[in-house]
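In the working numbering, the protein residues as written are 31 to 549.
See below:
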């Protein structure tokens with residue numbers, strides 16, 4: 031290609047490039063200018079809007095300031111009124127205080143005058159006391175000269191007279207107080223006890239319990255003894271009971287310390303007599319069966335006793351011990367029957383006193399539980415029974431009532447005292463128990479000897495089968511109030527010295543007799 035053409039083409043290309051560059055710069059400059067104009071308009075509009083908002087905010091602030099100012103002015107006026115009212119009140123109180131101060135000043139002045147007057151009277155009293163002391167000393171000196179006693183001797187004699195008079199007054203007051211208390215307490219207690227006794231019907235003990243077995247004929251004695259005594263030895267060895275075969279017609283007596291053994295022996299012997307086959311092997315078999323049957327009977331008797339008493343939830347072992355009480359006696363009174371009586375009496379008296387009847391019946395039924403095992407365990411039956419009840423989860427109140435019913439433990443609850451009273455009632459009611467003649471006579475003699483040991487007693491008589499003792503005193507040596515103290519002393523000594531069922535009434539009688547003759 032021609033170089034000239036190349037130059038022309040090159041020049042055209044350069045010119046085109048320059049023209050394109052110029053056009054680009056022109057468009058860029060125009061875009062920048064438009065952007066600047068737009069930014070300027072936006073800034074101007076923003077400035078105007080900001081100024082408008084500023085004015086609006088200023089107006090709102092002025093309104094709020096005005097409202098706050100008005101509220102503050104109102105608060106200020108209200109407080110100003112309150113301050114004025116307080117000021118008025120303070121002014122009134124100040125005036126009243128001034129009036130009170132004036133009155134106090136007047137009273138203070140009066141008190142000063144009174145104090146001066148009292149001081150003057152006090153000096154006068156001191157002077158009068160000095161004159162009185164001098165007069166008393168002079169009088170005492172004259173009395174000592176007349177009586178021939180020193181002041182210490184006279185003081186001792188006066189103290190003795192006061193002591194004697196005080197004892198007399200104390201005895202009289204004690205008698206009056208106890209008499210008034212007894213009128214209410216005895217009346218209520220007798221009413222409760224009488225109601226309980228009347229509502230309960232108990233059995234009478236007629237004869238001392240003896241375990242005896244009736245025989246169909248005298249020939250049976252020989253069969254019981256057996257050849258060379260082998261049968262009777264087998265029975266005694268199997269049961270632990272002594273058989274007494276004497277001249278008593280058609281009767282064999284069983285003797286053993288344990289009532290359960292006697293019962294087993296009785297059942298076995300009756301079964302052997304009925305069966306007719308009496309030999310050592312048969313005896314052992316029958317005794318074993320009777321032991322099993324008696325165990326079942328004991329549980330049934332215990333369950334029946336709890337049912338009759340209305341007491342439930344007793345541990346099975348305690349029920350078994352209750353069943354064993356059927357074969358125990360106390361002064362010929364059946365212990366299980368006695369326990370049922372005590373339970374019934376406790377329930378009746380608890381109902382009268384507003385106490386828990388179920389708990390009272392439970393304590394009464396279980397109170398002699400220890401007698402079922404007291405021949406096997408050492409200690410008082412009340413403590414043994416309490417230990418058994420505690421072992422089988424009876425409540426603390428029931429355990430305490432059992433332990434305290436003979437005061438082996440001091441009674442601390444009303445339930446314990448209630449069981450004591452019911453136990454005494456059951457044992458002391460007429461016909462409940464029998465005593466040996468020797469014990470009965472000895473108790474009467476002890477009662478009369480205790481009463482006769484007191485000074486001033488002329489005669490003493492035990493009456494009412496030992497339920498009462500009447501004491502005659504010398505009227506010259508014992509006055510009415512000393513009679514009351516003597517009665518208390520005799521009763522206290524009887525409680526300490528003797529053991530007896532129920533209670534013993536002590537009656538002290540003082541009388542003055544005047545005998546004259548008309549001629």
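Glycine included, every Cβ here is placed at the ideal spot set by N, Cα and C.
As the structure is a computational prediction, the values presented were derived from the model and not from experiment.
Roughly how far, in whole angstroms, is the beta-carbon of residue 273 from the beta-carbon of residue 324, given that I think they are within contact range, below 8 angstroms? Here residue 273 corresponds to residue number 243 of the chain shown, with the count starting at 1. Here residue 324 corresponds to residue number 294 of the chain shown, with the count starting at 1. Residue 273 to residue 324, Cβ: 18 angstroms. No contact.
If we ignore side chains and look at the alpha-carbon of each, how far apart do residue 358 and residue 248 end up? Residue numbering aside, residue 358 sits at position 328 when the chain shown is read from its first letter. Residue numbering aside, residue 248 sits at position 218 when the chain shown is read from its first letter. Cα to Cα, residue 358 sits roughly 30 angstroms from residue 248.
May I ask you to list the residues that DSSP assigns as paired with residue 363? Reading the chain shown from its first residue, position 333 is the one you call residue 363. Note: residue 363 sits in a beta bridge opposite 360.
Please decide whether residue 416 counts as near chain C, where near means a Cβ-Cβ distance under 8 angstroms. Going by chain labels, chain C is absent from the structure shown, which holds only one protein chain.
Taking its Cβ as the centre, do 16 or more other Cβ atoms sit within 10 Å of residue 250, making it buried, or is it exposed? The residue given as residue 250 occupies position 220 in the chain shown. Residue 250 is buried by the Cβ-count criterion.
Measuring only the C-alpha atoms, how far is residue 2 from residue 85? With the chain represented from 31 up to 549, any question about residue 2 goes unanswered, as that position is not in the structure.
Are there 16 or more other CB atoms within 10 angstroms of the CB of residue 326, so buried, or fewer, so exposed? Working through the chain shown from its first residue, we reach residue 326 at position 296. So residue 326 counts as exposed.
Of the residues 286, 420 and 479, which one's Cα is nearest the Cα of residue 405? Along the chain shown, one-based indexing puts residue 405 at 375. Out of 286, 420 and 479, 286 has the C-alpha closest to the C-alpha of residue 405.
Rounded straight-line distance, which links the Cα of residue 153 to that of residue 161: Position 131 of the chain shown, counted from the first residue, corresponds to residue 161. Position 123 of the chain shown, counted from the first residue, corresponds to residue 153. C-alpha separation (whole angstroms): 12 angstroms.
In angstroms with no decimal places, state the Cα-to-Cα distance between residue 266 and residue 526. Within the chain shown, the letter at position 236 stands for residue 266. Within the chain shown, the letter at position 496 stands for residue 526. Near 44 angstroms, if we compare the C-alpha coordinates of residue 526 and residue 266.
Who are the near neighbours of residue 473 in its chain, counting only those whose CB is closer than 6 angstroms to its CB and skipping five residues on each side? By 1-based counting over the chain shown, the position of residue 473 is 443. If we look at residue 473 and ignore the five residues flanking it on each side, its Cβ neighbours are 496.
Have a look at residue 313 and residue 321 and give me their C-alpha separation to the nearest angstrom. Numbered from its first residue, the chain shown carries residue 313 at position 283. Numbered from its first residue, the chain shown carries residue 321 at position 291. Whole-angstrom Cα-Cα distance: 12 angstroms.
Starting from residue 489 and walking both ways along the beta strand (DSSP E), at which residues does that stretch end? Residue mapping note: residue 489 aligns to position 459 of the chain shown, counting from 1. Per DSSP, residue 489 belongs to the beta strand (DSSP E) from 487-493.
Buried or exposed by the 16-neighbour rule on C-beta atoms within 10 Å, applied to residue 397: Counting from 1 along the chain shown, the entry for residue 397 is found at position 367. Buried, since its Cβ has 16 or more Cβ neighbours within 10 Å.
8 angstroms Cβ cutoff met for residue 534 and residue 524: As a working note, residue 534 is residue 504 in the chain shown. As a working note, residue 524 is residue 494 in the chain shown. Contact flag set, yes.
In whole angstroms, what is the alpha-carbon distance linking residue 484 and residue 506? What you label residue 484 is simply residue 454 of the chain shown in a count that begins at 1. What you label residue 506 is simply residue 476 of the chain shown in a count that begins at 1. Distance between the alpha carbons of residue 484 and residue 506 is about 15 angstroms.
Inside the region 264-311 only - alpha helix (DSSP H) runs reaching at least 4 residues: 289-305
Does the distance from the CB of residue 451 to the CB of residue 433 come in under 8 angstroms? Counted from its first residue, the chain shown places residue 451 at position 421. Counted from its first residue, the chain shown places residue 433 at position 403. No, Cβ-Cβ distance for residue 451 and residue 433 is not below 8 angstroms.
CB-CB under 6 angstroms to residue 242, same chain, minus the five flanking residues each way: which ones, in chain order? Here the question's residue 242 lines up with position 212 in the chain shown. Answer for residue 242: 281 and 283, listed in chain order.
Residue 373 to residue 435 span [Cα, whole Å]: Residue numbering aside, residue 373 sits at position 343 when the chain shown is read from its first letter. Residue numbering aside, residue 435 sits at position 405 when the chain shown is read from its first letter. Looking at the two C-alpha atoms, the distance is approximately 13 angstroms.
Strand pairing of residue 244, partner residues [DSSP]: The residue given as residue 244 occupies position 214 in the chain shown. DSSP output for residue 244 lists 281 as bridge partner(s).
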